[in-house]
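Peer 1: Could you have a look at this structure, given as structure tokens, before my questions?
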Amino acid sequence: SQQGEEDPQALSIQEGENATMNCSYKTSINNLQWYRQNSGRGLVHLILIRSNEREKHSGRLRVTLDTSKKSSSLLITASRAADTASYFCAPGTSYDKVIFGPGTSLSVIP
Amino acid sequence: DVKVTQSSRYLVKRTGEKVFLECVQDMDHENMFWYRQDPGLGLRLIYFSYDVKMKEKGDIPEGYSVSREKKERFSLILESASTNQTSMYLCASRSSGTWGQPQHFGDGTRLSIL
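Chains A and B are the protein sequences, given in the same order.
Heads up, the working numbering is the position in the first sequence plus 1287, with the first residue counted as 1.
Heads up, the working numbering is the position in the second sequence plus 32, with the first residue counted as 1.
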């Protein structure tokens, strides 16, 4: 199993700005996922990037993966108040259980 | 859309009680998971199940057991509830697959043990 470590722990930005969060992990993976959790709710899957991919886009989300540095980043462009949530990365392999890191708490101020 | 339903959003129980948390998924997923989430500690895996009647311990199984008699249902059991088991409990399901599959979460059960 793998555990990702998100950085920063907390991030506060103004609406319209971009938000960047980072994830580091320790050993080899074949995919990495990002999840969002709104306050008091379950996690929602955002995006999956495979180890043979370097960048992936989904709407306002851009994820990068650098397997040589064992790191990933999640960029949210033109942030909105509704993006306020905690974000978790989940590095892993196909059949492994997923271990979530402590997450990044994002506050987007209107 | 995948739906994962947890039986209660909020639950209050007393120490020493046997507590059952139920989780049902509607997508015929092979894998199911139970986590607890505490401030500053993130999500911690309690138990997971690869298939009916199969279970494996996660990182913090002490004080818990699980049951998976049917594919769609995964139950978490607190054998004798204690105050340190007050937490948010999250259930998730996932299809097994070649390239990693996303986990689908329920909305959680906030459990208070008095």
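Note that beta-carbon positions come from the ideal geometry of N, C-alpha and C, so glycine has one too.
For clarity, every value in this text was computed on a predicted model and none was experimentally measured.
In chain order, what residues of the segment 89-119 of chain B put their CB closer than 9 Å to some CB of chain A?
Peer 2: G90, D91
Peer 1: Go to P1397/A, then tell me how far its beta strand (DSSP E) extends in each direction, as first and last residue.
Peer 2: As a working mapping, residue 1397/A is identified with position 110 in the first sequence. First-last for P1397/A: undefined, no H or E at that position.
Peer 1: Looking only at its own chain, which residues have a Cβ that is under 7 Å from the Cβ of P93/B, when we skip the five neighbours before and after it?
Peer 2: Looking up residue 93/B in the second sequence gives position 61. I78, Y79, listed in sequence order.
Peer 1: Taking Cβ-Cβ distances below 9 Å as the criterion, which residues of the segment 57-75 of chain B are in contact with chain A?
Peer 2: Near chain A, meaning a CB-to-CB distance below 9 Å, the residues of the segment 57-75 of chain B are N63, F65, Y67, Q69, G72, L73, G74, L75.
Peer 1: Below 7 Å CB to CB, which residues in the same chain sit around S40/B once its five sequence neighbours on both sides are set aside?
Peer 2: Start at 1 with the first residue of the second sequence, and residue 40/B comes out as number 8. Only T141 meet the Cβ criterion.
Peer 1: Between the segment 101-109 of chain B and the segment 1291-1310 of chain A, can you find at least three pairs of beta-carbon atoms closer than 8 Å?
Peer 2: no
Peer 1: For A1377/A, is the classification buried or exposed, using 16 other Cβ atoms within 10 angstroms of its Cβ as the cut-off for buried?
Peer 2: Start at 1 with the first residue of the first sequence, and residue 1377/A comes out as number 90. Buried is the call here.
Peer 1: Going by Cα to Cα distance, which pick from N1339/A, G1346/A, A1372/A is closest to S1359/A?
Peer 2: Position 72 of the first sequence, counted from the first residue, corresponds to residue 1359/A. It is N1339/A.
Peer 1: Under three-state DSSP, which class holds Q117/B?
Peer 2: Taking the first residue of the second sequence as 1, we reach residue 117/B at position 85. In the structure shown, Q117/B falls within a helical segment according to DSSP collapsed to helix, strand and coil.
Peer 1: Is there a Cβ from chain D that is less than 9 Å from the Cβ of V84/B?
Peer 2: In the structure shown, chain D does not exist; the protein chains are A and B.
Peer 1: What does the alpha-carbon distance come out to for the pair S165/B and L1298/A?
Peer 2: There is no way to answer for residue 165/B, as the model of chain B reaches only from 33 to 146.
Peer 1: Over the uninterrupted beta strand (DSSP E) stretch that includes I78/B, give me the two end residues.
Peer 2: Position 46 of the second sequence holds residue 78/B. Residues 74-81.
Peer 1: Threshold first: 3 residues or longer. Then list the beta strand (DSSP E) segments lying entirely within the segment 1321-1367 of chain A, N to C.
Peer 2: 1330-1337, 1342-1345, 1348-1353, 1358-1363
Peer 1: Going straight from the alpha carbon of I1334/A to that of G1327/A, what length do you get?
Peer 2: As a position in the first sequence, residue 1334/A is number 47, starting the count at 1. As a position in the first sequence, residue 1327/A is number 40, starting the count at 1. Distance between the alpha carbons of I1334/A and G1327/A: 21 Å.
Peer 1: Show which residues of chain A have a CB atom less than 9 Å away from the CB atom of F137/B.
Peer 2: Residue 137/B sits at position 105 when you count from the first residue of the second sequence. The contacting residues are Y1322, Q1324, R1328, G1329, L1330, V1331, H1332.
Peer 1: For chain B, is any of its Cβ atoms less than 9 Å away from the one on P1295/A?
Peer 2: Position 8 of the first sequence, counting from 1, holds the residue named residue 1295/A. False, the Cβ-Cβ gap to chain B never drops below 9 Å.
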